[in-house]
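Numbering (our numbering), first residue to last: 334 to 599.
A virtual CB, placed ideally from N, CA and C, is assigned to each residue, including glycine.
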Amino acid sequence: MPELPEVETIVRDLQACVIGKEIKDIIELRQGTVKYPADFTANSYGVIEEIRRRGKYIIIQLSSEYLLIVHLRMTGKLIYDDIKREDPKHLRCVIKFGDDGRLMFDDVRTFGTMEFIPAGDEDTYFKRIGIDALSEQITLEKFKELLSKKRTNIKNFLLDQSVIAGLGNIYANEILYRSKVSPLRQTAKITASEAKRIFKEMQLVLQEAIECNGTSISDYRRVDDKQGTFQNFLRVYGKESCPQGHEIERLKIGGRSTFYCKTCQK
DNA sequence: ATTGCTTCCTGAGCGC
DNA sequence: TGCGCTCAGGAAGCAA
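This is how it looks when you write it as structure tokens:
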């Protein structure tokens, strides 16, 4: 389940192995995996110039003035192969480079997307995406302002990509445990000191997870197919008890599994 | 306008 | 052994 730290790890891994490579061919093993603009006319895909992240989106900038935007959703993986690896079981698309290397897009549940858009359409494409959770532009004051504009519980608030982009279910649970705030609390009732803790823990958890190269709970793998290690530091997600030894409550909020400690989180 | 529910999809895990 | 059921969850689309 790639969230911001997993996507950041993949972007860094990709930067190290595919920048400067020319895309020679794109082969779809599952039709419809890659979307193109109706007027897509590029006679070549071009060379990969830059790779960056926006929320959970991977943006691959090409010399052809197009962007290839990838979203892994739940089970998508990008695996780089220059050692003739075996095809993964759910290979949906292969990007072939000029040098025999290839980038494989594997995705069990087929929710992941790959889409070419004109470079100039980037802002329009992301108009529903809020400020990145690790953006330097987001201050405590800005965070509190965003909180005051929403009428929902704090967990749904953290998961809303149109407000703050990058958090998913695992990190939202972890941030709230470390902040000692119940996921059920309404945004309007969050105090200034609680907001400060949530804001700080959001940045800390994400940074720590990036240092661990992400959380490999189920499907997530790095570009070299290796796992991240932050799963070893989770405190509530998927746990029976919290680090203090209290029993973890499990319920659904917005249809998603929510883990929290009634004793530690108020 | 805003919020929240349903849907898309496949495989793992479970009870019987 | 295998069947049917539930669960996993990101975000578009739709309903209220």
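query: Per-residue burial, LEU337 [other beta carbons within 10 Å of its own, 16 or more giving buried]; result: buried
query: Pair within 7 Å by beta-carbon distance, ILE520 and PHE490; result: For clarity, residue 520 is Thr in the given sequence; the question names Ile instead. For THR520 and PHE490, yes; Cβs fall inside 7 Å.
query: Meets three-Cβ-pair contact criterion under 8 Å: the stretch 438-445 and the stretch 456-466; result: no
query: Nearest neighbour of SER512, chosen from GLN470, ILE412 and SER526 [CA to CA]; result: SER526
query: Beta-carbon contacts of PHE444 that lie in its chain and below 8 Å, excluding the five residues immediately before and after; result: ARG406, MET407, THR408 and GLY409
query: Contact under 7 Å by Cβ, LEU400 with ILE450; result: yes
query: Candidates GLN577, ASN546 and LYS533: closest to ALA466 by CA position; result: LYS533
query: Cβ-Cβ distance between VAL340 and ARG386 below 7 Å; result: yes
query: DSSP-derived helix/strand/coil call for THR596; result: coil
query: Given 8 Å, three or more beta-carbon pairs between the stretch 486-501 and the stretch 578-594; result: yes
query: Buried/exposed call for ARG442, threshold 16 Cβ in 10 Å; result: exposed
query: Contacts around SER574, its chain only, beta-carbon distance under 7 Å, and the 5 residues preceding and following it disregarded; result: GLU580 and ILE581
query: Cα-Cα separation, ALA498 to GLU478; result: 16 Å
query: Exposed unless 16 or more other CB atoms sit within 10 angstroms - verdict on ASN486; result: buried
query: PRO451 - containing beta strand (DSSP E), residue span; result: 446-451
query: DSSP-derived helix/strand/coil call for TYR413; result: strand
query: Beta carbon of GLY434 nearer than 7 Å to that of ASP415; result: yes
query: Simplified DSSP assignment, three categories, for ARG425; result: strand
query: Nonlocal neighbours in the same chain, by C-beta distance under 8 Å from VAL344, ignoring five residues either side; result: ILE384, ARG385, ARG386 and ILE391
query: Residue burial classification, THR453 (beta-carbon count within 10 angstroms, cutoff 16); result: The sequence shown places Gly at residue 453, not Thr. When all chains shown are included, GLY453 counts as exposed.
query: Whether ILE523 touches LEU480 by CB criterion (7 Å); result: yes
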